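Numbering (our numbering), first residue to last: 20 to 306.
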């Protein structure tokens, strides 16, 4: 466990979970040191994670479990979810459903409350991503993208609202830097994520007086299975090398790096953070 010293606001050190910060408080001639433990403590918490069978969703579920949470794993991939659940430390629940089906929303809440009687954290991660020219877009493809990426997220927030009011829980929605709208060939996906950012801010204001926080995380280039069709089309090495040139940090993110920020926002360490869309993009949108 590392010990960090924070001397002034101009030299703040960003801690990691498990670190101990030594904060020196200087008042006149008196110097005192206060130790703050930077732990994600999810003991006794119940977290629902959609799209939990791979990538960012899986990494988030594992980190929540590491922090002591009971995790509800939601996805269409039953076998993968069962494999993940078998490796978790705490009691978990697998909910196999297709989020494009309206009945899935009721099913997720029903099974969560039946098993754990409450919810503290909702992570809306499941999404559909399509890369297609706007002139080739079909109504069916647009509808499905907006349905899964925006409408069903809204419905999950809505159906769990009173449960989250009861626990003063929080919501983290997984957005994308595509919401900035400049990528091209991602019209429906970008629109859905832009809408998700606005939804997150709106709900944060509406539910703040209930003690419920709502935030979003906006990942940049992240190595997940979602990129496989692009790798197949353009070549994996070519994509990895050409796309990373857009990133000042010079690398792709891992799912775990995105999950770090999701878990921070879901934790009590972010108790005064709401209505924020946090970019985790290696500085890409700063260019």
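Beta carbons: idealized from backbone N, C-alpha and C, even for Gly. All values reported here derive from a predicted model rather than from experimental measurement.
ask   = When the distance is taken between beta carbons, is residue 65 closer than 8 Å to residue 93?
value = no
ask   = Where does residue 238 fall in DSSP's three states?
value = strand
ask   = I think residue 143 touches residue 175, with their Cβ atoms under 8 Å apart; what is that distance to the nearest whole Å?
value = 6 Å
Secondary structure of residue 121, DSSP reduced to three states = coil
request  = Please look up how many angstroms separate the CB atoms of residue 234 and residue 292, rounded, as I've assumed it's under 8 Å.
outcome  = Yes, they are in contact, since the Cβ atoms of residue 234 and residue 292 sit about 6 Å apart, within 8 Å.
ask   = Nearest to residue 187 by alpha carbon, out of 230, 158, 150?
value = 230
query = For residue 110 and chain B, any beta-carbon pair shorter than 8 Å?
reply = Reference to chain B is not applicable here, since this structure consists of a single protein chain.
message = DSSP three-state label for residue 172, please.
response = helix
key: Helix, strand or coil at residue 95 [DSSP, three-state]   = coil
Candidates 128, 222, 277, 239, of which the one nearest residue 262 by Cα = 239
query = Among residues of its own chain, excluding the 5 on either side of residue 305, which ones have a beta-carbon nearer than 7 Å to its beta-carbon?
reply = 267
ask   = So what does DSSP say about residue 145, is it helix, strand or coil?
value = coil
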